[in-house]
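Numbered per my numbering, the sequence shown spans residues 102 to 264. Just so it is clear, CB atoms sit at the ideal spot from N, CA and C, and this is done for glycine as well. This structure is a prediction, so every number in the text was calculated from the model and none was measured. Everything on this sheet refers to the single structure shown next.
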Amino acid sequence: MNMTHYMGLLADNQPWNLIIFMAIPVICAETIAVTELGILFTRKLDGSLKRVNKAVSIFAGIYFTGIFLYLLMNAYIPLTANGEWKGWIDVTAVTFYLLGVVPLLGMALLDLGIFFKNKTAVEKLKTHAFFVGMFLVVAHVAMIFGMVDPSIGTSTGGHMMNM
């Protein structure tokens with residue numbers, strides 16, 4: 102079966118690429134989501150859940166920014182420049198994966214006090230929860246499209262396609 106570049110990345114260099122590009126970001130996102138639910142439910146903005154949430158949000162934002170920059174320079178730009186995309190499904194999977202930097206970096210900047218520093222605690226909580234939801238959406242779109250055979254979205258039967 103033909104694979105998207107997203108799945109190819111995860112399948113290569115086992116188990117390291119899977120750990121670096123999938124497991125660490127997903128474990129961080131799940132930790133953030135679960136602690137975020139606890140914070141939203143209890144409205145306790147100073148407890149251990151909030152400390153864990155903040156620490157993991159900052160780590161995930163910085164970590165994923167590194168992944169974003171690495172993949173942008175070593176995969177996305179070269180694939181585009183060389184016309185090596187396997188169609189729109191392939192582009193969608195990789196683009197949505199890389200879009201994960203927006204909410205993750207947003208959470209990190211929020212928790213570092215760089216972004217929305219003059220907002221109330223409740224406004225920051227709402228923004229943080231929005232970023233959690235945004236990350237879940239883009240990550241799931243990337244995973245779904247990443248698992249699809251890219252040749253079903255092309256008229257070239259899976260051959261390379263200039264985008």
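By the C-beta density criterion, residue 147 is exposed, having fewer than 16 other C-beta atoms within 10 angstroms. For residue 154, the uninterrupted alpha helix (DSSP H) segment begins and ends at 149-172. With a 10 Å radius around the Cβ and a threshold of 16 neighbouring Cβ atoms, residue 220 comes out exposed. Distance from the CA of residue 235 to the CA of residue 183, rounded to the nearest whole angstrom, comes to 31 Å.
CA-CA distance, residue 199 to residue 252, rounds to 22 Å. In this chain, residue 201 is not harboured by any alpha helix (DSSP H), its DSSP state being neither H nor E. Taking the CA atoms as reference points, residue 106 sits about 16 Å from residue 241.
Spatial neighbours of residue 139 in its own chain (CB-CB distance under 6 Å, excluding positions within 5 residues in sequence) are listed in chain order as 150. Distance from the Cα of residue 153 is smallest, within the candidate group 103, 137, 176, 162, for 137. Only residues of its own chain outside the window of five on either side were considered, and among them 232, 235, 236 have a CB closer than 6 Å to the CB of residue 204, listed in chain order. Between residue 230 and residue 158, the C-beta spacing is not below 7 Å.
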